[in-house]
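K.L.:
Provided herewith is a single structure, encoded as structure tokens, for subsequent inquiry.
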Amino acid sequence: MRPAEISSLLALELRLDMRQRHALGGLLLYVVSAVYVCYLAVQKLVDVPVWNALFWIILLFAAFNALSRSFMREDGGRQLYLYTLVDPRSVILARTLYNALVMVVLSFLSLGFYILFLGGDALAKAEVGQFLLVTLLGGVGFAAVLTLISALAARAGNGLGLMAILGFPVVLPMLLTLMRASRNAIDGLPWEMNDKYVLWLLAIDALTVALAWLLYPYLWRD
Amino acid sequence: MRHWWWKVLCVLLLVYTAVVGLQTPLGPGLVHVDPARVDTGLVEIQLTGYATHFASCTSGNHVWFEKAGIAVCQPDIKAISDNTILVKVSPVHSTSPGMWSIVVDNATDGPLRLADAVYINSDGIAMTAAPCGMMTDNSSPSSFGPQFPNRSILNETIRNLFFHVPMWFSMIVLMGIAFVYSIMHLRSGSLDHDLAASIAVNVSLLFGALGIITGSIWARATWGGWWTSDTKLNGSALTLLMYLAYVILRGSVPDAHKRGRLAAVYNIFAFMLMLVFIMVLPRLTDSLHPGNGGNPAFSQYDLDDSLRAVFYPACAGWILLGIWAYNLRLRYGRLNALLDENESH
Numbered sequence: 308m309r310p311a312e313i314s315s316l317l318a319l320e321l322r323l324d325m326r327q328r329h330a331l332g333g334l335l336l337y338v339v340s341a342v343y344v345c346y347l348a349v350q351k352l353v354d355v356p357v358w359n360a361l362f363w364i365i366l367l368f369a370a371f372n373a374l375s376r377s378f379m380r381e382d383g384g385r386q387l388y389l390y391t392l393v394d395p396r397s398v399i400l401a402r403t404l405y406n407a408l409v410m411v412v413l414s415f416l417s418l419g420f421y422i423l424f425l426g427g428d429a430l431a432k433a434e435v436g437q438f439l440l441v442t443l444l445g446g447v448g449f450a451a452v453l454t455l456i457s458a459l460a461a462r463a464g465n466g467l468g469l470m471a472i473l474g475f476p477v478v479l480p481m482l483l484t485l486m487r488a489s490r491n492a493i494d495g496l497p498w499e500m501n502d503k504y505v506l507w508l509l510a511i512d513a514l515t516v517a518l519a520w521l522l523y524p525y526l527w528r529d
Numbered sequence: 417m418r419h420w421w422w423k424v425l426c427v428l429l430l431v432y433t434a435v436v437g438l439q440t441p442l443g444p445g446l447v448h449v450d451p452a453r454v455d456t457g458l459v460e461i462q463l464t465g466y467a468t469h470f471a472s473c474t475s476g477n478h479v480w481f482e483k484a485g486i487a488v489c490q491p492d493i494k495a496i497s498d499n500t501i502l503v504k505v506s507p508v509h510s511t512s513p514g515m516w517s518i519v520v521d522n523a524t525d526g527p528l529r530l531a532d533a534v535y536i537n538s539d540g541i542a543m544t545a546a547p548c549g550m551m552t553d554n555s556s557p558s559s560f561g562p563q564f565p566n567r568s569i570l571n572e573t574i575r576n577l578f579f580h581v582p583m584w585f586s587m588i589v590l591m592g593i594a595f596v597y598s599i600m601h602l603r604s605g606s607l608d609h610d611l612a613a614s615i616a617v618n619v620s621l622l623f624g625a626l627g628i629i630t631g632s633i634w635a636r637a638t639w640g641g642w643w644t645s646d647t648k649l650n651g652s653a654l655t656l657l658m659y660l661a662y663v664i665l666r667g668s669v670p671d672a673h674k675r676g677r678l679a680a681v682y683n684i685f686a687f688m689l690m691l692v693f694i695m696v697l698p699r700l701t702d703s704l705h706p707g708n709g710g711n712p713a714f715s716q717y718d719l720d721d722s723l724r725a726v727f728y729p730a731c732a733g734w735i736l737l738g739i740w741a742y743n744l745r746l747r748y749g750r751l752n753a754l755l756d757e758n759e760s761h
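What follows is the structure, given as structure tokens:
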């Protein structure tokens, strides 16, 4: 596991995705459609808890959709090729990093569309800095938790269905903490009320990345 | 007798739990007050007790109302039966309207207290502190043998403590076993370790389901609903979801070695996140459940010695039963694996 390996793997991911832009476009379209469906269903949302919950649920599904792709394109040959070249731990770290990057961009785009369609009235009293920080942590956190699950589902040879079944229970601690933290931020509570949630989020991120780092080599072998 | 002593111990402990846990009588307690609101004039309220001796106690009863350190004696009382007593609320001076606790005291039962039992609106009645004959804790209750405490709301259902709570302990122990075997499987690659882990998960799911069922019945009896949106309940439901997902993951991979590895990886990941969940969740929300959000935990002061004398053996017994069930299933699984091997040769 060398930094150079990780950065070249990151560059590889980016190049592959740039080559298949329709995949990224598909993600964006998924989010926009989800937000638009919510818009058609509720028109304008003023109620803060519902606004908050809906936002995170949309983001959660977007995350599942985005991250389930992560290991799908690995067919046998490419897997073997990568296996001979690099350390599996570099692969999982690079994937997690790349997914975190994608998820952060996707989170902020979703937030933009969400406010555009459903209105940002709920944010009237919000601590915007805190809310954006929580959104950022949310994107990173989903990527951290779900990357290993995505690898598991892909290795089990059963795509999105298994990913959802395996992923929902393990992502829930993160999701509930996120909802609470962003709720506090929207309500405009001072930072002292929210810092412990942010610390919890960081702790869960660290734990899941460490577990992925420990466990991925076992998934990788066939 | 050498290697199966613990099975004998398990049976003895569970028989003890069932017999003592269900046969020990409940101590006396006040359960009901009617009406629970006093507005104007002279009002007669009826107190209902459980396992009390209002009428048969020869030395008579004392009833007083309490609020914020003030005690107001109610001299005009009449014990109708052992379990009912009528109190004429006399006009007395009161400082402010509010909830008053009721205490009934006699020599047999000792002082029985129903906290915040009655709302007295002092606009209608003025309460004067009348001198009360014996307001101190005069009597040591003459109980006959061990009794379980009679907690308000819980009442007889307190016995479920010996069945509901140990289910979770058994479940966690079995999940711990599965976790250890998953790690061992990743290190060794041995299919036997994988078998042990998967069987521990299966048996722990059984205990989890029993925990949910006993808890649901208890919740219906005490909180009034089969399911409440409660941290502990959601946590346990989530744990079961995780491990059901584990079972489904196993089912969807045909190759035994690959299945073992994937399942072990998921088990380790899920177990660690479950621990995080158990730590995080109670800090996010309040809970009706004992031990959360200001509710008394059994270990703090609710669990008195008579309960402890059954609760600890019950926990040990149920955990041993879990290990026993796991042991049987594992041996059966190993025999099946052996059979498959022999057939394929």
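Quick mapping for you: the protein sequence lines, in order, are chains A and B. Residue numbers for the first sequence follow our numbering, beginning at 308 and rising by one. Residue numbers for the second sequence follow our numbering, beginning at 417 and rising by one. Ideal Cβ positions, reconstructed from N, Cα and C, are used throughout, including at glycine.
(1) Evaluate contact between the stretch 427 to 439 of chain A and the stretch 624 to 641 of chain B, counting only Cβ atoms and requiring at least three cross-stretch pairs below 8 angstroms.
(2) I need the straight-line Cα distance from Q350(A) to V357(A), nearest angstrom please.
(3) Excluding the 5 residues preceding and the 5 following M600(B) in the sequence, name in chain order all residues of the same chain whose CB lies nearer than 7 angstroms to its CB.
(4) By Cβ distance, which residues of its chain are closer than 7 angstroms to I569(B), with the 5 residues on each side in sequence left out?
(5) Beta-carbon of L400(A) versus every beta-carbon of chain B: anything under 8 angstroms?
(6) If you check the beta carbons only, do V503(B) and V479(B) fall under 8 angstroms apart?
(7) Have a look at V505(B) and A725(B) and give me their C-alpha separation to the nearest angstrom.
(8) Quick test of your reading: S598(B) and A463(A), contact by CB under 8 angstroms. State the CB separation rounded to the nearest angstrom.
(9) For A467(B), I'd like the list of residues in its chain whose CB is within less than 6 angstroms of its CB, leaving aside the five on either flank, ordered along the chain.
(10) For G465(B), report the span of its alpha helix (DSSP H) as first-last.
(11) How long is the line joining the alpha carbons of L416(A) and V338(A), rounded to whole angstroms?
(12) Taking Cβ-Cβ distances below 7 angstroms as the criterion, which residues of the stretch 734 to 755 of chain B are in contact with chain A?
(13) Is the CB of Y405(A) under 8 angstroms away from at least one CB in chain B?
(14) Can you name the residues of chain A whose CB is closer than 7 angstroms to the CB of V696(B)?
(15) Going by DSSP, what residues sit across from H761(B) in a beta bridge?
(16) Following the continuous beta strand (DSSP E) through F481(B), name the residue where it begins and the one where it ends.
(17) Name the chain B residues whose beta carbon is nearer than 7 angstroms to that of R462(A)?
(18) Give me the DSSP bridge partner(s) of Y535(B).
(19) Among H580(B), F687(B) and G605(B), which has the Cα closest to the Cα of L590(B)?
(20) Specify, as a first and last residue, the run of the beta strand (DSSP E) that K432(A) falls within.
(21) Comparing alpha-carbon positions, which option in I536(B), D521(B) and Y535(B) lies nearest R529(B)?
(22) Would you call the stretch 426 to 437 of chain B in contact with the stretch 480 to 498 of chain A, where contact means no fewer than 3 C-beta pairs closer than 8 angstroms?
(23) Can you tell me whether S377(A) is buried or exposed, with buried defined as 16 or more other CB within 10 angstroms of its CB?
(24) Give the DSSP-derived three-state secondary structure of A542(B) in the structure shown.
(25) Is any beta-carbon of chain B found at less than 8 angstroms from that of L469(A)?
(26) Check for me: the alpha helix (DSSP H) holding C473(B) runs from which residue to which?
(27) Of all the residues that make up the stretch 321 to 354 of chain A, which are near chain B by a beta-carbon distance shorter than 8 angstroms?
(28) Can you check DSSP and say which residues form a bridge with L425(B)?
(29) What residue does the alpha helix (DSSP H) around L602(B) start on, and which one ends it?
(30) Can you tell me whether W421(B) is buried or exposed, with buried defined as 16 or more other CB within 10 angstroms of its CB?
(31) When you compare only the Cα positions, how much space is there between L678(B) and T403(A)?
(32) Within the same chain, show all residues whose beta-carbon is closer than 6 angstroms to that of K494(B), passing over the 5 residues directly before and after it, in chain order.
(33) Rounded to whole angstroms, how far is the Cβ of F371(A) from the Cβ of M410(A), which I believe are closer than 8 angstroms?
(34) Assuming contact is defined by CB atoms lying nearer than 8 angstroms, are A458(A) and Y390(A) in contact in what I supplied?
(35) With H, G and I counted as helix, E and B as strand and the rest as coil, what does DSSP make of G495(A)?
(36) Where does G448(A) fall in DSSP's three states?
P.N.:
According to the structure shown:
(1) no
(2) 13 angstroms
(3) H609
(4) T638
(5) no
(6) yes
(7) 41 angstroms
(8) Rounded, the Cβ-Cβ distance is 16 angstroms, inconsistent with contact.
(9) L442 and P444
(10) Premise fails: G465(B) lies in the beta strand (DSSP E), V459 to Y466, not in any alpha helix (DSSP H).
(11) 9 angstroms
(12) none
(13) no
(14) P480, T484 and W507
(15) Its beta-bridge partners do not exist; DSSP assigns none.
(16) H478 to K483
(17) L678
(18) R453(B) and M515(B)
(19) F687(B)
(20) Segment: none, K432(A) is in no beta strand (DSSP E) and carries neither H nor E.
(21) D521(B)
(22) no
(23) buried
(24) Annotation note: pLDDT 48 at A542(B) (below 50); position unreliable, no value reported.
(25) yes
(26) C473(B) -> no alpha helix (DSSP H), and no H or E assigned at all.
(27) none
(28) None; L425(B) has no bridge partner.
(29) L577 to S604
(30) exposed
(31) 19 angstroms
(32) L502
(33) Not a contact, Cβ separation roughly 11 angstroms.
(34) no
(35) coil
(36) helix
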